[in-house]
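*Asks:*
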Amino acid sequence: MSLALSFITIFLGGAAVLDWAFAGHLHSRCHFLLKCFLAFGFGLALWSCSYIVILFIVGPHLTWIWAKDMALSFLAATYFWFRPRYHHSKAHLDAVRQQAPRWLRVVFFVSACVAIMVFVGSTMRIPEGEWDAWMTWNTRARFLFRDGTDFATIFATEIAHADYPLLLPGLIAQTWMMLGSESIFVPPMIALTFSAITVGALVVAIVIFRGTASGLMAGLVLLGTPMFTMSAAIQYADVVLGSYLLVTCIMITLAASGMPYRVDRLLILSGAAASMMAWTKNEGIFYGLSLLVALAICKFGPSQKRLSRLNRITSFLLGALPVIALLAYFKLKHAPSNDYLQRITFSDIAGRIMDLDRRTTLFLAIGHKFFEFGAWNFFLICLPLLWLKFGRQSDRLTVTGPVIMALVFILLGLGAVVLITPYQMDFQIATSMDRLLIQCWPSIIFAVFLSMPPLHPQRRNSSSSKMFGNSG
Amino acid sequence: MAFLGVMQLLDREIAFWEKFEAHPLIDERYAGLKKVLPSDHRLGHITDVPPDSHIAAALYYQSQYSLAPWLIVTNQDTQYVIVDLLNPTRAREFCLLHSLEPVASSVNGVILAKRQHEP
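The following block contains the structure:
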């Protein structure tokens, strides 16, 4: 019963937010599917954030959590009851009717099955996940679930990464509360859900912009990156963060694409998704800022004239505000200081940037990653080459510009973080470089496939081509 | 290339099932102590591996994970201590050396001990 209420809260809450942001107009199976994937992502974040708010206000009382879930479900149901009935236009459906070859569908289906098999196999071998899963996320979820009224222990300096935000521990602990038991399979199920959201949202978004063949191929690239599946299976939060980064990129691109949606609402939602990144891991704050700067600098596709630069920034910040306020309260009131920032001074930073050995090590590591990233493949070098070949056409670039610029900022920033790390550089590269890249990987695939012309163009519609920037 | 990536994933999967071996659960190592933990929610932690090593960190954080909501600390001011040994055969000597009195034990060299001198 409790679990059913939770599920209703997650899906109904997420669906209401998505429905408000999309405000009707376009209606197709693909748009509906995209909204479903995004609704799950937003619903899970909403459920986790509201739990932490209740925790901070009244403590971990099951009655209050029940009441919170019922209130959220009631609000969402009320929204659907009173919302305006939209007239759905079918003007742009041609763009998504391109059929993919049968072999591609089969290969994609087989790949998805293999990825699920790998996930299940790894979960059976190490159900508690790897280091960061049990040490950082699941330990704090256990404190939240087991600690009765004194949840403040999770902020003790003895707890690993006690300054990390609480989206994932909040989700795990609340699910345990609703189940009434501490099932070891809850963290893997949450990891699987976010992986499915990532793959599903990527495929459907690319299908909407570039047709079915491109969408399936983009999904295949993601599923064909062994490290993506492995990171999900060992329950690291990188897949969760990558999922919200992708959702933010999709929302910004939809807003810029010129589709007849409410641009301001889509940007509010992209701000909200960006704030979920910050509520997942500390580096999410930097990712959100990168997206904000890119939004301020870049041209905004066919939607350029529909919303001024200032209004775009304001909408993004407005969406981010509630969760950023929660994050600020958590950081200022409860969280201990960050161990990375604690160990670093400005003189250290200058010294490390000037250190030729460190720069050489970093460049060699980046060069190595081009050929080895993701535990096997050459995609990291292939995708930028594809972008150089296809992605620089000005009409497409104005739509993809904010996302690509944000990803460039993010990758440069991550390189700088590795360069100035207070820890041993080899250790930092070995333990975090792949993981930082896997956070950006779904969004990189999204940006590159968005920059390319459709892979299998069968039907073209001039108006939709113009709108989606399909001139290649 | 994506297809080759998937093939590589499949290859891993086959290799994995050929030599499937489930990792022992972290909780199993500390399960014997859970019912005898003291009411004081702060416990010390001491181990027979060098304190700065990767293994020492793993044992410390694993005890934290398994025994939550008891807070495991590394300082000396706690009455009770989790003795976390990689070499269980030396448990008796180790406790004598550190003036610890065993109270209860779990599997594989995990012991709840009381300090003989009040902190």
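Quick mapping for you: the protein sequence lines, in order, are chains S and U.
Position one of the first sequence corresponds to residue 1 (the numbering used here), numbered consecutively onward.
Position one of the second sequence corresponds to residue 473 (the numbering used here), numbered consecutively onward.
Ideal placement from N, C-alpha and C gives every residue a C-beta, glycine not left out.
1. Spatial neighbours of W64 of chain S within its chain, please: C-beta separation below 6 Å, excluding the five flanking residues on both sides.
2. Quick check on A576 of chain U: does DSSP put it in helix, strand or coil?
3. Can a CB atom of chain U be found closer than 7 Å to the CB of E128 of chain S?
4. Strictly under 7 Å for the Cβ-Cβ distance: is P592 of chain U near chain S by that measure?
5. If we call anything under 7 Å between Cβ atoms a contact, is A237 of chain S one with K281 of chain S?
6. How about V582 of chain U and R501 of chain U: do their beta carbons lie closer than 7 Å?
7. Using three-state DSSP, classify D485 of chain S as helix, strand or coil.
8. Using 10 angstroms around the beta-carbon of A15 of chain S, count the other beta-carbons present and answer buried if the total reaches 16, otherwise exposed.
9. Our contact map puts G301 of chain S next to S257 of chain S with C-beta atoms below 8 Å; I'd like the distance itself, whole angstroms only.
10. Between G284 of chain S and G367 of chain S, what straight-line distance do the alpha-carbon atoms span, to the nearest angstrom?
11. Does the separation of the CB atoms of L12 of chain S and A76 of chain S fall below 7 Å?
12. Reducing DSSP to helix, strand and coil, say where A585 of chain U ends up.
13. Could you spell out where the alpha helix (DSSP H) holding Y552 of chain U opens and where it closes?
14. Excluding five sequence neighbours on each side, which residues of the same chain lie with their C-beta closer than 7 Å to the C-beta of I297 of chain S?
15. Got a sec: is the Cβ-Cβ distance from T314 of chain S to anything in chain U below 7 Å?
16. Does any residue of chain U have a CB that is nearer than 7 Å to the CB of P454 of chain S?
17. Check whether the Cβ atoms of G242 of chain S and Q439 of chain S lie closer than 7 Å to each other.
18. What distance in whole Å lies between the Cβ atoms of I184 of chain S and E128 of chain S, which are believed to be in contact at a cut-off of 8 Å?
19. Put G516 of chain U into one of helix, strand or coil per three-state DSSP.
20. Which chain U residues sit within Cβ distance under 7 Å of T153 of chain S?
21. CB L482 of chain U to CB V17 of chain S, shorter than 7 Å?
22. Does DSSP put V207 of chain S in a helix, a strand or coil?
23. For L543 of chain U, which three-state DSSP category applies?
24. In chain U, which residues lie with their C-beta within 8 Å of the C-beta of R142 of chain S?
25. Under a three-way DSSP split, which group does D357 of chain S fall into?
26. Leaving out five residues on either side along the sequence, give the residues of the same chain with a beta carbon under 8 Å from the beta carbon of T360 of chain S.
27. Give a yes or no on whether 7 Å exceeds the smallest Cβ distance from M227 of chain S to chain U.
28. Around the C-beta of G351 of chain S, are 16 or more other C-beta atoms found within 10 angstroms, so that it is buried, or is it exposed?
29. Looking at I420 of chain S and the ligand SAM, is the gap between the Cβ and the nearest heavy atom below 6 Å?
30. Using CA atoms only, rank isn't needed, just tell me which of S:F145, S:Q174, S:I10, S:L437 is closest to L414 of chain S.
31. Name, going along the chain, the residues of the region 496 to 520 of chain U whose beta-carbon falls closer than 7 Å to a beta-carbon of chain S.
32. If you reduce the DSSP assignment to three classes, tell me which class R312 of chain S lands in.
33. Would R343 of chain S pass as an interface residue toward chain U - the criterion being a Cβ-Cβ separation below 7 Å?
34. Taking buried to mean at least 16 other C-beta atoms within 10 Å of its own C-beta, is S6 of chain S buried or exposed?
35. For V555 of chain U, I'd like the list of residues in its chain whose CB is within less than 6 Å of its CB, leaving aside the five on either flank, ordered along the chain.
*Replies:* Straight from the coordinates:
1. I54, V58
2. strand
3. yes
4. This structure leaves residue 592 of chain U out entirely; chain U is present only between 473 and 591.
5. yes
6. yes
7. Because chain S is modelled from 1 through 472, residue 485 of chain S falls outside the range shown and cannot be assessed.
8. buried
9. 6 Å
10. 25 Å
11. yes
12. strand
13. Y552 of chain U -> not in any alpha helix (DSSP H); beta strand (DSSP E) instead, spanning 552 to 556.
14. M405
15. no
16. no
17. yes
18. 7 Å
19. strand
20. P541, L543
21. no
22. helix
23. strand
24. Y537, A540, P541
25. helix
26. none
27. no
28. exposed
29. Here there are no bound small molecules, and the ligand SAM is not part of this structure.
30. S:L437
31. L497, I498
32. helix
33. no
34. buried
35. I518, I583, A585
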